[in-house]
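In order, the protein sequences belong to chains B and P.
Numbering-wise (this note's numbering), the first sequence opens with residue -3 and increments by one.
Numbering-wise (this note's numbering), the second sequence opens with residue 141 and increments by one.
Backbone N, C-alpha and C fix where the C-beta goes; we use that ideal spot for every residue, glycine too.
Below you'll find the structure, written out as structure tokens, and then a few comments.
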Amino acid sequence: MSDATMTAARGNPALDLLRRYGIWVIAAAVMIVLPKIFTSGAALTTMCLMGIMIVFSLAYNMLLGQTGMLSFGHAVYYGLGGFLAVHAMNTIAAGKLAIPLPVVPLAGGAMGLIFGFIFGAVSTRRAGTVFAMISLGLGELIASLSLILRGFFGGEEGITANRTKMLTLWGVRFGPQIEVYYLIAAWCFACMIAMYAFTCTPLGRMCNAVRDNPERAEFVGYSTQMVRFITFCISGFFAGVAGGLAAINFELMNAVNISGAQSGVVLLMAYIGGIGHFVGPILGAVLVVLLQVFLSDLTGAWMLYFGLIFITMVMFAPGGMAGLIMLHLPLWRRGTLLQIVPSYAVMLVPVLMGLAGLVTLIETSHHQLVKAATDGPAMKLFGIAYNSNSLLPWIVALALMGGGLYLGKLWGPRMADAYSDAAHGQDSNKREAGK
Amino acid sequence: MTALGLHDVHKSFGITPIIRGVSLEVGKGERHAIIGPNGAGKSTLFHLISGRFPLTEGSIRLNGEDITGLKPYQINRRGLSRSFQVTNIFPKMTVFENVRCGVLWHLGYRYSFWHNTRKLKDANDRAMAILQQIGLADRAQLPASFLTYAEQRALEIGITIAGGAEVVMLDEPTAGMSRSETAHFVSLIRKVTEGRTLVMVEHDMGVVFDLADRISVLVYGQIIASDTPANIRNSKAVQEAYLGQALESHGEAEH
């Protein structure tokens, strides 16, 4: 990626090509093969949602991670794009417009771009807290409008469409979910490439400069406001495309899609995945969708777990999942990755203990508070049936948590030592020897 | 030919006047140093010229063109570039990228989102050439925050000159440096400002008398003298107001 390694690799054009495009080929292959491995309907629906959210969270991270703009209202562009796409689909179905379905997300993108332009012109005048507050205000404004302007937003029920009643191209009607999956995957892939390419452009680089040091950016000839504004428009476009894909996928858009909650989810996805790296939001989108789908099946308190994961990430891994992976990249390069596996494995004991205790505590409380009134105090957790009224599960939960915490404190420093040994140990020795 | 002209420039913060009527002409290709005691308003004057603060009164011309009231980026695009007293770089970006940020606008890439920066040979070559000039070529791929203080100061100058500005303003370029670093830096500044107009604020009198063609002495927001180094050194008024002290302490530092 760096220019020096680029020049170094130029000697071997095949290797250079592989280095530069290999990851994309792998990504495309994964997206093509996934539905062949996970064939169930639920899995397919989940993967469709992942594709949509990857586009949305990458669009969001153009602002947060790359330009340092914290938006609390990006669902506006996602939602407006989605609503326009639903209307476009209905217009097409009525025979008034001859556009094939695969192009509809572009209408969503155009909507996102237009409103990004209008709202961006106001909100990007300022950065930092002021920008965040304006985005929050605009988000709330549009969210409440969505309940008032029933013609466009359909009130609380929202607006439905039927994606199969479209102009058909090559006999593909997009009835079965698998066809929609490949449509979403293709758009997702194209958007990923486009947004990655954006990071390599002069404007994309100046986004980072504006994020790092807006004052200095002004003294090398760039209006920080203009950098923010153009980026905001482009981000709005991609958010709109994601909304358009969502409209096709769900055949429904309602007030929830444009609400502050949706804006919050995209922020969580980007942050949990890691805003400092391009892949971060992709990882975050995949994880959060998985949590939303599976955790919500497993437990009624899934939102609480979701929140705890977010807090844990913010406090202990501000670089997100991508940041954690990048921490281990130097170890991989030095071939010392395996060296730390034992100390991580040891650490797994207190982590699992603490988690088990925490889950027991949360689930037992949840049962007591929510379900006990109707279902009685008997419950089952980890395959063990017990009575949530008795004292024992509470004692066990607290003991597990306490034990996990104690062992974690005890062994944590050892793990940190093992990591720094693997990462720098020999390196610093070498440097000293060199001197 | 005047590169930079200040006409009766005033600046007050609230009711406190900081700059009280500064008029100054800097010729093309001249190396002009602004000296004066702490709190004289040297940095404020820099901020006024580069557009960071608006003027209260007066006007500033760059190559005969009025730049009063323009934004920093507009002034930069017209060919005036400045460095900062406190290192002001892009800490998370690589050293190479720091310099390239200074290059992009001036090669006409502006807000382009359709060029691939890796393929911009002119921008990359120019950034690399500047890194070579400032002696940071072997540090190119490091994050800028990893550099030593002196290296960051050099990078600061690299970013400043990267765009090819005709007028370069350096705010205390050698502040906080050791003697050997300072000596190295003076030759660096001489080299990179070749053929350009240089305006600098500097406390190290050795550097000032070594580099400057002309010196202006700023005391309490007014220029009390503006002349050649030799005349400034012998000026009674300057001796009384500032230089006596400064030269003494400079002399002490040499022991």
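Using C-beta distances below 7 angstroms, list every residue in its chain close to residue 3 (chain B), excluding the 5 sequence neighbours before and after it, in chain order. Low confidence applies here, because residue 3 (chain B) scores a pLDDT of 47, under 50, leaving its location unreliable; read the following figure in that light. Once the five neighbours on either side are set aside, residue 3 (chain B) has no close Cβ partner at all.
- Task: Give me the Cβ distance between residue 104 (chain B) and residue 80 (chain B), rounded to the nearest whole Å; I'm assuming they're in contact under 8 angstroms.
- Result: 6 angstroms
**Option in B:177, B:356 and B:272 with minimal Cα separation from residue 388 (chain B)** = B:356
Quick one: using the 10 Å Cβ neighbour count with 16 as the cut-off for buried, is residue 26 (chain B) buried or exposed? exposed
Exercise for review: Measure the alpha-carbon distance for residue 147 (chain B) versus residue 83 (chain B) and round it to whole angstroms.
Suggested key: 11 angstroms
Point to revise | C-beta neighbour in chain P for residue 410 (chain B), strict 8 angstroms | key: no
### Query
Taking Cβ positions only, does residue 253 (chain P) come closer than 8 angstroms to chain B?
yes
For this session: Put residue 201 (chain P) into one of helix, strand or coil per three-state DSSP.
Result: strand
Would you mind giving the Cβ-Cβ distance between residue 314 (chain P) and residue 347 (chain P), rounded to the nearest angstrom? I have them listed as a contact below 8 angstroms.
6 angstroms
- Item | Listed by chain order, chain B residues near residue 303 (chain P) by CB distance under 7 angstroms | 216 and 217
Point to revise | Touching by the beta-carbon criterion (3+ pairs, under 8 angstroms), the segment 235 to 246 of chain P and the segment 317 to 329 of chain P | key: no
Note to self: Measuring CB atoms only, is the segment 349 to 361 of chain P touching the segment 171 to 188 of chain P, in the sense that at least three cross pairs come out at less than 8 angstroms?
What the structure shows: yes
Practice task
Kindly indicate if chain B contains any beta-carbon less than 8 angstroms away from that of residue 298 (chain P).
Solution key: no
In whole angstroms, give me the CA-to-CA distance for residue 365 (chain P) and residue 309 (chain P).
20 angstroms
Chain B contact for residue 257 (chain P) (CB, 8 angstroms cutoff): yes
Margin query: What would DSSP say about residue 291 (chain B), mapped onto helix, strand or coil?
Written below: helix
Checklist line | Under the three-state DSSP convention, the category residue 412 (chain P) falls into | finding: What the structure shows of chain P is the stretch from 141 to 395, and residue 412 (chain P) is not part of that stretch, so it cannot be assessed.
Quiz item: Going by DSSP, what residues sit across from residue 381 (chain B) in a beta bridge?
Solution: B:376
Return the first residue and the last residue of the alpha helix (DSSP H) that residue 265 (chain P) is part of. 261 to 273
Q.
Please return the same chain residues whose Cβ sits closer than 7 angstroms to the Cβ of residue -1 (chain B), not counting the five positions on each side in sequence.
A. Low local confidence applies: a pLDDT of 46 at residue -1 (chain B) is under 50, so the model's placement there is unreliable, with the coordinate-based value given in what follows. Cβ within range, chain order: n/a, list empty.
Per-residue burial, residue 151 (chain P) [other beta carbons within 10 Å of its own, 16 or more giving buried]:
buried
**OP:** Flag this pair as touching only if the segment 254 to 263 of chain B and the segment 152 to 161 of chain B have three or more C-beta atom pairs under 8 angstroms; answer yes or no.
**Re:** no
contact_flag[the segment 211 to 227 of chain B, the segment 30 to 39 of chain B] where n(CB pairs < 8 angstroms) is 3 or more
no
**Message:** Looking at residue 222 (chain B): is its Cβ nearer than 8 angstroms to the Cβ of residue 155 (chain B)?
**Reply:** no
Exercise for the section: Please compile the residues from chain P whose C-beta is within a distance smaller than 7 angstroms of the C-beta of residue 196 (chain B). Expected result: 256, 257 and 258
Checklist entry - So is residue 211 (chain B) in contact with chain P if we call contact Cβ pairs under 8 angstroms? => result yes
Margin query: With three or more beta-carbon pairs closer than 8 angstroms as the criterion, would you say the segment 190 to 203 of chain P touches the segment 375 to 382 of chain P?
Written below: no
Taking the runs of the alpha helix (DSSP H) that are 4 residues or longer, which of them lie wholly in the segment 193 to 250 of chain P? 212 to 217 and 235 to 244
| query | If you drop the 5 nearest sequence neighbours on each side, which residues of the same chain put their C-beta closer than 6 angstroms to that of residue 165 (chain P)? | reply | 142 and 145
Exercise. Any chance you could list the alpha helix (DSSP H) runs of at least 4 consecutive residues sitting entirely within the segment 326 to 357 of chain P, in chain order?
Key: 345 to 351
Exercise. Taking 8 angstroms as the CB-CB cut-off, is residue 223 (chain B) touching chain P?
Worked result: yes
Q: Confirm, please, whether the CB-CB distance from residue 66 (chain B) to residue 128 (chain B) is below 8 angstroms.
A: yes
Subject >> Sub-8 angstroms separation of residue 198 (chain P) and residue 147 (chain P) beta-carbons >> reply: yes
#### Entry: Contact check, residue 433 (chain B) vs residue 68 (chain B), beta carbons under 8 angstroms
Since the first residue shown for chain B is -3 and the last is 431, residue 433 (chain B) is missing from the structure and cannot be characterised.
Alpha-carbon to alpha-carbon, residue 354 (chain B) and residue 178 (chain B): 40 angstroms
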